[in-house]
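K.L.:
Residue numbers (this note's numbering): -13 to 194.
Take this structure, written in structure tokens, and hold onto it; I'll ask about it next.
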């Protein structure tokens, strides 16, 4: 059984905690977050706001339970943790084809579907009931929000956020550091650092 410490104690962390409780593969041992008032232990789980990630390195596996891509990436890059220190958490209700490749630290949440030939990078989130169709390539630090659908052979580059309930048509590439607004329909390639919304999705501004 893999003993896990979560970094982050917000809403996204709560969902991962529930996922861990539903499986015999993992056990939650602790949560690290600045919002915790003081060090406590409850039912075998510690809550810590003062010690660093490095204080627990080597004793546990980690998941950065933070929904925001940039924040999640910054936490990981500022730590001394390596790929060997992280674990992926896959919900028992998700449907994942056997040949799917999943990077370390990635979380696949309740009801999500990931179909054959898909490749998912490190520290990404496939959120509740999202659909990642066949032969998709999803890079590191990506967040596919609840109910989003990526049709076949879609590529999503690093640090992109695909909003809730959005749809991406087949053979489309969304370049890095892009935000797709909730409910949007992406019908063409999207350049990096874009914010797009609408049906069909159009660029409304550029990100720095």
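Just so it is clear, CB atoms sit at the ideal spot from N, CA and C, and this is done for glycine as well.
1) Given this structure, state the Cα-to-Cα distance separating residue -10 from residue 2, to the nearest angstrom.
2) Excluding five sequence neighbours on each side, which residues of the same chain lie with their C-beta closer than 7 Å to the C-beta of residue 151?
3) According to the Cβ coordinates, are residue 47 and residue 92 closer than 8 Å?
4) Bridge partners of residue 34, per DSSP?
5) Using the Cα positions of residue 196 and residue 6, report the straight-line distance between them to the nearest angstrom.
6) Taking the alpha carbon of residue -5 as the reference point, which residue from 27, 50, 9 and 37 has its own alpha carbon closest?
7) Going straight from the alpha carbon of residue 31 to that of residue 157, what length do you get?
8) Quick check on residue 70: buried or exposed, where buried means 16 or more other Cβ atoms within 10 Å of its Cβ?
9) Expressed to the nearest angstrom, what Euclidean distance is found between the alpha-carbon atoms of residue 26 and residue 41?
10) Cβ of residue 166 within 8 Å of Cβ of residue 148?
P.N.:
Well, looking at it:
1) The alpha-carbon atoms of residue -10 and residue 2 are separated by roughly 11 Å.
2) 133, 134, 168 and 169, listed in sequence order.
3) Taking a C-beta distance under 8 Å as the contact criterion, residue 47 and residue 92 do not qualify as a contact pair.
4) Partner(s): 18.
5) Because the chain spans -13 through 194 in this model, residue 196 falls outside it and cannot be assessed.
6) The candidate whose alpha carbon is nearest that of residue -5 is 50.
7) Cα-Cα distance, rounded: 45 Å.
8) Per the 10 Å Cβ criterion, exposed.
9) Between the alpha carbons of residue 26 and residue 41 lies a distance of about 16 Å.
10) Taking 8 Å as the Cβ cut-off, residue 166 and residue 148 qualify as a contacting pair.
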